[in-house]
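*Asks:* In our numbering, the protein residues as written are 83 to 476. Where a beta carbon is used, it is the ideal one built from N, C-alpha and C, also for glycine.
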């Protein structure tokens with residue numbers, strides 16, 4: 083039973099990955115997974131090990147119906163929607179799979195739908211992907227709301243911005259998703275760790291105070307754009323590091339070792355593609371209180387036809403749409419759940435960033451017009467020298 087006393091919603095999970103959404107919803111007591119659907123063998127290995135009694139289907143296009151499920155979840159592929167991806171939008175072979183899912187939603191009409199993807203979908207092709215998604219939902223009789231959230235609101239030491247869209251044909255979901263707003267917190271003046279993206283340096287740094295930049299999926303044993311972390315208080319040689327895979331899992335709210343049933347070469351991609359568990363838990367907690375959150379949500383400014391998509395919006399099945407002014411931080415984290423990035427690395431491990439990676443980033447940054455802290459550049463110089471000396475003695 084959920085906190086509100088209602089029974090968990092029978093749920094089917096599409097594009098399941100390693101079940102970040104489902105872990106969060108289950109932790110809130112709102113979801114009972116009937117089956118998963120995931121085609122990647124590495125993710126299927128994790129699901130089989132962690133959910134031994136739950137069926138894992140392998141082809142979303144072959145699904146005939148949802149077996150009467152009340153909730154359908156889909157963290158569908160971002161390959162064609164992300165800035166670093168193919169930018170084909172829903173015309174792409176991977177992200178476009180959601181169109182078939184929307185057709186099945188219209189046919190079998192689950193009470194609730196929860197989708198997740200990257201914020202770039204709001205802007206790519208003038209927001210064509212989001213327009214297609216909400217238009218299909220409206221035509222199927224659903225009210226909807228979406229919001230860009232930053233995983234740091236849930237206490238994670240990772241700056242991860244994602245769009246979550248909640249739709250329902252039984253009530254207005256806007257109060258559930260948009261009814262809380264904490265506002266973006268002030269920067270942590272006591273931070274002892276700073277994240278950055280070492281593959282950047284020309285046009286950006288990915289700077290994050292007390293957190294890492296977004297963990298991203300890739301095609302090799304390491305993520306395509308893995309985070310690096312500057313620890314000013316550590317000795318030279320240990321100031322510029324990368325998190326271990328277990329630390330990265332923790333940064334997603336996954337149990338350290340969660341992806342270990344998969345081949346080692348695939349674990350970073352699995353973690354980078356995952357949905358942050360505590361974010362899904364917050365949505366689940368709100369959804370568990372749905373009977374208390376039925377009061378009409380009237381905030382917002384009516385969106386003009388052709389207007390760009392804002393960071394948060396809501397709409398009704400009759401096609402009316404409103405922009406809603408809320409932050410990416412729905413609530414503040416429980417203090418004891420806030421991750422300390424330095425402490426997390428101490429517990430789960432890290433490794434020095436290589437000489438080549440550090441030097442490449444430093445040289446690009448120095449040649450750019452980007453602003454950076456002088457002591458950060460000094461730390462990069464010291465790390466390059468230290469790693470170069472280590473190379474000559476190997």
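Give the C-beta separation of residue 404 and residue 204 to the nearest angstrom, bearing in mind that I take them to be a contact with Cβ-Cβ under 8 angstroms.
*Replies:* The residue given as residue 404 occupies position 322 in the chain shown. The residue given as residue 204 occupies position 122 in the chain shown. Wrong, their Cβ atoms sit about 15 angstroms apart, outside the cutoff.
*Asks:* Out of 107, 96 and 94, which one is the CA nearest neighbour of residue 335?
*Replies:* One-based indexing of the chain shown puts residue 335 at position 253. Nearest C-alpha to residue 335: 107.
*Asks:* Where does residue 415 fall in DSSP's three states?
*Replies:* Counting from one through the chain shown, the residue named residue 415 turns up at place 333. Reduced to three states, the DSSP call for residue 415 is coil.
*Asks:* Is DSSP giving residue 145 helix, strand or coil here?
*Replies:* Taking the first residue of the chain shown as 1, we reach residue 145 at position 63. Under the three-state reduction of DSSP, residue 145 is assigned to coil, being neither helix nor strand.
*Asks:* Would you check if the segment 374 to 386 and the segment 214 to 226 touch, i.e. whether three or more CB-CB distances between them fall below 8 angstroms?
*Replies:* no
*Asks:* Could you pull out every residue in the same chain whose Cβ sits closer than 8 angstroms to the Cβ of residue 436, ignoring the five residues on either side in sequence?
*Replies:* Translated into the one-based positions of the chain shown, residue 436 becomes position 354. The answer, listed in chain order, is 469.
*Asks:* Start and end of the alpha helix (DSSP H) containing residue 216?
*Replies:* Residue 216 sits at position 134 when you count from the first residue of the chain shown. Residues 210 to 221.
*Asks:* Figure out for me which residue from 250, 264 and 225 has the closest Cα to the Cα of residue 231.
*Replies:* Translated into the one-based positions of the chain shown, residue 231 becomes position 149. Among 250, 264 and 225, the Cα nearest to that of residue 231 belongs to 264.
*Asks:* Please classify residue 449: is it buried, with 16 or more other beta-carbons within 10 angstroms of its beta-carbon, or exposed?
*Replies:* Locating residue 449 in the chain shown gives position 367, counting from the first residue. Exposed, because fewer than 16 other Cβ atoms sit within 10 Å of the Cβ of residue 449.
*Asks:* Exposed or buried, residue 212, counting other C-beta atoms within 10 Å across all chains shown (16 or more means buried)?
*Replies:* Indexing the chain shown from 1 puts residue 212 at position 130. Buried, by the Cβ-count rule.
*Asks:* When the distance is taken between beta carbons, is residue 113 closer than 9 angstroms to residue 366?
*Replies:* Within the chain shown, the letter at position 284 stands for residue 366. Within the chain shown, the letter at position 31 stands for residue 113. Yes. Within cutoff.
*Asks:* I need the DSSP call for residue 493, collapsed to helix, strand or coil.
*Replies:* Residue 493 lies beyond the residue range present for the chain, which begins at 83 and ends at 476; the question has no answer from this structure.
*Asks:* Out of curiosity, what's the CA-to-CA distance linking residue 302 and residue 375?
*Replies:* Start at 1 with the first residue of the chain shown, and residue 302 comes out as number 220. Start at 1 with the first residue of the chain shown, and residue 375 comes out as number 293. Low confidence applies to residue 302: its pLDDT is 46, below 50, so where it sits in the model is not reliable enough to give any reading.
*Asks:* Which same chain residues, not among the five before or five after residue 251, have their C-beta less than 7 angstroms away from its C-beta?
*Replies:* The residue you call residue 251 lines up with position 169 of the chain shown. Closer than 7 angstroms at Cβ, skipping near neighbours: 191, 193, 223 and 224.
*Asks:* Buried or exposed for residue 394, going by 16 or more other Cβ atoms inside 10 Å?
*Replies:* Walking along the chain shown from the start, residue 394 turns up at place 312. Buried, since its Cβ has 16 or more Cβ neighbours within 10 Å.
*Asks:* Determine the burial state of residue 428: buried for a count of at least 16 other Cβ atoms within 10 Å of its Cβ, exposed for fewer.
*Replies:* For the purposes of this step, residue 428 is taken as residue 346 along the chain shown, with counting starting at 1. Residue 428 is exposed by the Cβ-count criterion.
*Asks:* Distance check for residue 208 and residue 387, CA to CA, integer angstroms please.
*Replies:* Indexing the chain shown from 1 puts residue 387 at position 305. Indexing the chain shown from 1 puts residue 208 at position 126. Taking the straight line joining both Cα atoms gives about 12 angstroms.
*Asks:* Can you tell which of 220, 408, 344 and 282 has its C-alpha closest to the C-alpha of residue 310?
*Replies:* Numbered from 1 along the chain shown, position 228 holds the residue referred to as residue 310. Closest option to residue 310, Cα to Cα, is 282.
*Asks:* Run through DSSP, which three-state label would residue 443 get?
*Replies:* In the chain shown, counting from the first residue as 1, residue 443 sits at position 361. Looking at residue 443 - three-state DSSP - the assignment turns out to be helix.
*Asks:* Which whole-angstrom value describes the C-beta separation of residue 118 and residue 139, a residue pair presumed to lie in contact below a C-beta threshold of 8 angstroms?
*Replies:* Sequence index remark: in the chain shown, residue 118 carries index 36 (1-based). Sequence index remark: in the chain shown, residue 139 carries index 57 (1-based). For residue 118 against residue 139, the beta-carbon gap comes to about 7 angstroms, under 8 angstroms, which counts as contact.
*Asks:* Does DSSP put residue 246 in a helix, a strand or coil?
*Replies:* To locate residue 246, count along the chain shown from 1; it is residue 164. Residue 246: strand per DSSP, three-state reduction.
*Asks:* Against chain C, with Cβ distances strictly below 9 angstroms, would residue 315 count as a contact?
*Replies:* Given the protein chain composition of this structure (a single chain), no chain C is represented.
*Asks:* Here's a check: name, in chain order, each residue in its chain whose Cβ is nearer than 8 angstroms to the Cβ of residue 317, leaving out the five neighbours to either side.
*Replies:* Indexing the chain shown from 1 puts residue 317 at position 235. There are no such residues.
*Asks:* Hey, could you find the ends of the alpha helix (DSSP H) residue 123 is sitting in?
*Replies:* Position 41 of the chain shown, counting from 1, holds the residue named residue 123. Here the alpha helix (DSSP H) through residue 123 covers 123 to 132.
*Asks:* Can you give me the Cβ contacts of residue 400 inside the same chain, cut-off strictly under 8 angstroms, excluding the 5 residues immediately before and after it?
*Replies:* Counting from one through the chain shown, the residue named residue 400 turns up at place 318. Apart from sequence neighbours up to five positions away, the residues of its chain that approach residue 400 with a beta-carbon distance below 8 angstroms are 220, ordered along the chain.
*Asks:* Compute the minimum distance between the beta carbon of residue 434 and the heavy atoms of the ligand GTP, and state whether it is under 8 angstroms.
*Replies:* The model depicted lacks the ligand GTP and carries no ligand whatsoever.
*Asks:* Tell me whether the beta-carbon of residue 430 lies closer than 9 angstroms to the beta-carbon of residue 273.
*Replies:* Position 348 of the chain shown, counting from 1, holds the residue named residue 430. Position 191 of the chain shown, counting from 1, holds the residue named residue 273. In this structure, residue 273 does not lie closer than 9 angstroms to residue 430 by Cβ.
*Asks:* Can you give me the start and stop residues for the beta strand (DSSP E) that residue 199 sits inside?
*Replies:* The residue you call residue 199 lines up with position 117 of the chain shown. Element bounds for residue 199: 194 to 199.
*Asks:* Let me check one thing: in DSSP terms, what residues is residue 384 bridge-paired to?
*Replies:* Within the chain shown, the letter at position 302 stands for residue 384. According to DSSP, which records beta bridges pairwise, residue 384 is partnered with 404.
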